[in-house]
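Residue numbers (our numbering): 168 to 387.
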Amino acid sequence: MTFDRGRGGRIGIEEAVLCEHKAVAQIAAIIGDAAAEGRRLLLTRLSAEQFDDLPDNLAQSVDYCTASRTAILGEIGPLARDPRIALVSAGTSDYAPMAEARRTLAYGGMDATEVSDVGVAGLWRLLAREEMLREMDVVIVFAGMDAALPSVVAGLVPGVVIGVPTSVGYGVARGGRVALDSILASCAPGVTVVNIDNGYGAATSALRLANMMRRAAAGG
């Protein structure tokens with residue numbers, strides 16, 4: 168792997184390693200090279216089976232999260248709370264991509280407020296948190312099935328809304344395709360959407376926004 172070591176300085180986001188479809192030997196070599204150079208590293212879509220098959224010394228060198236299927240090599244420093252970011256899920260079944268987003272944000276130095284299980288089938292749960300969500304600069308919304316939640320949130324809050332369609336749902340939900348199409352067809356203005364289950368992509372979009380807001384605040 169030819170690592171893009173200058174990416175963090177160039178765009179403000181370091182290169183991550185997508186482990187899906189990689190052999191364990193390839194993942195081990197990547198972690199070993201990064202550790203030898205003293206570099207931090209974010210690994211995504213690292214299955215529990217892949218992690219368990221890593222050599223013990225490499226497995227012990229990373230912080231692995233089963234729910235998000237991510238691993239982090241190196242320290243995570245204090246997390247910034249400005250700009251304010253919220254992660255909102257329609258149901259607890261949407262937790263895996265939300266966890267991936269949370270870990271990606273933390274790796275990028277940003278804290279996030281989590282709001283879980285506020286899908287539109289029980290709209291009162293969302294409305295009870297409306298005031299808090301209106302204070303957020305970025306709201307990342309995770310929803311499967313018909314994915315109505317991102318549109319509803321975008322109709323309530325002034326901040327940037329990023330929709331993450333999830334693969335949750337029976338039959339015609341088609342593994343998240345209906346959720347994706349629903350968010351793309353949203354009548355709420357300004358809703359942004361990433362790919363199915365792509366918590367990483369949503370988080371890096373939020374990190375770009377955060378970096379831009381910091382530059383603007385600094386007059387850069």
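Built from N, CA and C at the ideal position, the CB exists for glycine as well.
Original post:
What's the gap between the Cα of Val308 and the Cα of Gly342?
Top reply: For the purposes of this step, residue 308 is identified with residue 141 of the sequence shown, where counting begins at 1. For the purposes of this step, residue 342 is identified with residue 175 of the sequence shown, where counting begins at 1. About 17 Å.
Subject >> Reduced DSSP category for Ser214 - H, G, I as helix; E, B as strand; rest coil >> reply: For this step, residue 214 is matched to residue 47 along the sequence shown. The answer is coil: DSSP assigns Ser214 none of H, G, I, E or B.
Original post:
Counting Cβ pairs, one atom from each stretch, are 3 or more of them under 8 Å apart for the region 336–350 and the region 235–245?
Top reply: Fewer than three beta-carbon pairs drawn from the region 336–350 and the region 235–245 are found closer than 8 Å, and the two stretches are therefore not classed as touching.
Original post:
What are the boundary residues of the beta strand (DSSP E) that Gly330 is part of?
Top reply: As a working note, residue 330 is residue 163 in the sequence shown. From DSSP, the beta strand (DSSP E) with Gly330 extends over 327–332.
Subject >> Cβ-based burial, Met265 [other Cβ within 10 Å; buried from 16] >> reply: Within the sequence shown, residue 265 is the residue found at index 98, counting from 1. With 16 or more Cβ atoms within 10 Å of its Cβ, Met265 is classed as buried.
Original post:
Which residues in the same chain have their Cβ closer than 7 Å to the Cβ of Ala195, if we skip the five residues on either side of it in sequence?
Top reply: The residue given as residue 195 occupies position 28 in the sequence shown. So the list reads Leu221, Pro222, Leu225, once near-sequence residues are dropped.
Original post:
Hey, quick one: how far does the beta strand (DSSP E) through Thr371 stretch, first residue to last?
Top reply: Translated into positions along the sequence shown, residue 371 becomes position 204. Per DSSP, Thr371 belongs to no beta strand (DSSP E); it is in the alpha helix (DSSP H), 366–384.
Original post:
Looking at C-alpha atoms only, which residue of Ala288, Val229, Val331, Arg296 is the closest neighbour of Tyr262?
Top reply: Residue 262 sits at position 95 when you count from the first residue of the sequence shown. Cα-wise, what sits closest to Tyr262 is Val331.
Subject >> DSSP beta-bridge partners of Ala238 >> reply: Here residue 238 refers to the residue found at position 71 of the sequence shown. Leu210, Tyr231.
**OP:** Look at the Cβ atom of Ser353, then the Cβ atom of Pro325, and state whether they are nearer than 9 Å.
**Re:** Residue numbering aside, residue 353 sits at position 186 when the sequence shown is read from its first letter. Residue numbering aside, residue 325 sits at position 158 when the sequence shown is read from its first letter. No, the pair does not count as a contact, with Cβ atoms beyond the cut-off.
Subject >> Residue environment, Ile197, which counts as buried when at least 16 other CB atoms sit within 10 Å >> reply: Taking the sequence shown and counting its residues from 1, the one referred to as residue 197 is at position 30. It is buried - the Cβ of Ile197 has at least 16 other Cβ atoms within 10 Å.
Subject >> 3 or more residues per run - each beta strand (DSSP E) lying fully within the region 257–311 >> reply: Within the region 257–311, the complete beta strand (DSSP E) runs of at least 3 residues are 280–282, 305–310.
**OP:** Determine the contact status of Asp304 and Leu376, defining contact as a CB-CB distance below 9 Å.
**Re:** Translated into the one-based positions of the sequence shown, residue 304 becomes position 137. Translated into the one-based positions of the sequence shown, residue 376 becomes position 209. Going by C-beta atoms, Asp304 is nearer than 9 Å to Leu376.
Original post:
For the alpha helix (DSSP H) that contains Ser353, what are its first and last residues?
Top reply: The residue labelled residue 353 in the question sits at position 186 within the sequence shown. Premise fails: Ser353 is in no alpha helix (DSSP H) and is neither H nor E.
**OP:** Give the secondary structure of Leu254 by DSSP, where H, G and I count as helix, E and B as strand, and everything else as coil.
**Re:** As a working note, residue 254 is residue 87 in the sequence shown. Three-state result, Leu254: strand.
Subject >> Ser214 versus Arg251 - alpha carbon distance >> reply: Position 47 of the sequence shown holds residue 214. Position 84 of the sequence shown holds residue 251. Linking Ser214 to Arg251 through their CA atoms gives a straight-line distance of about 30 Å.
Subject >> Leu316 (DSSP reduced to helix, strand or coil) >> reply: Indexing the sequence shown from 1 puts residue 316 at position 149. Here Leu316 sits in helix by DSSP.
Original post:
Which residues bound the alpha helix (DSSP H) around Arg172?
Top reply: On the sequence shown, residue 172 is found 5 positions in, with the first residue counted as 1. Counting along the chain, Arg172 falls outside any alpha helix (DSSP H), and DSSP gives it neither H nor E.
**OP:** Would you kindly check if the distance between the Cβ of Tyr337 and the Cβ of Glu267 is under 9 Å?
**Re:** Sequence index remark: in the sequence shown, residue 267 carries index 100 (1-based). Sequence index remark: in the sequence shown, residue 337 carries index 170 (1-based). Contact: no.
**OP:** Using DSSP bridges, identify the partner residues of Ala201.
**Re:** Stepping through the sequence shown from its first residue, residue 201 is reached at position 34. In the DSSP output, where bridge partners are listed per residue, Ala201 has none listed.
Original post:
Could you give the C-beta distance for Arg296 and Asp284, rounded to a whole number, given that I count them as a contact under 8 Å?
Top reply: Taking the first residue of the sequence shown as position 1, residue 296 is located at position 129. Taking the first residue of the sequence shown as position 1, residue 284 is located at position 117. That pair is no contact at about 11 Å.
**OP:** Report the partner residues of Leu185 according to the DSSP bridge assignment.
**Re:** The sequence position of residue 185 within the sequence shown is 18, counting from 1. Looking at the DSSP assignment, Leu185 forms a beta bridge with Thr211.
**OP:** Could you round the C-beta distance between Ala257 and Gly311 to whole angstroms and report it? I think they count as a contact, below 8 Å.
**Re:** In the sequence shown, residue 257 corresponds to position 90, counting from 1. In the sequence shown, residue 311 corresponds to position 144, counting from 1. With a contact defined as Cβ atoms closer than 8 Å, Ala257 and Gly311 qualify at about 7 Å.
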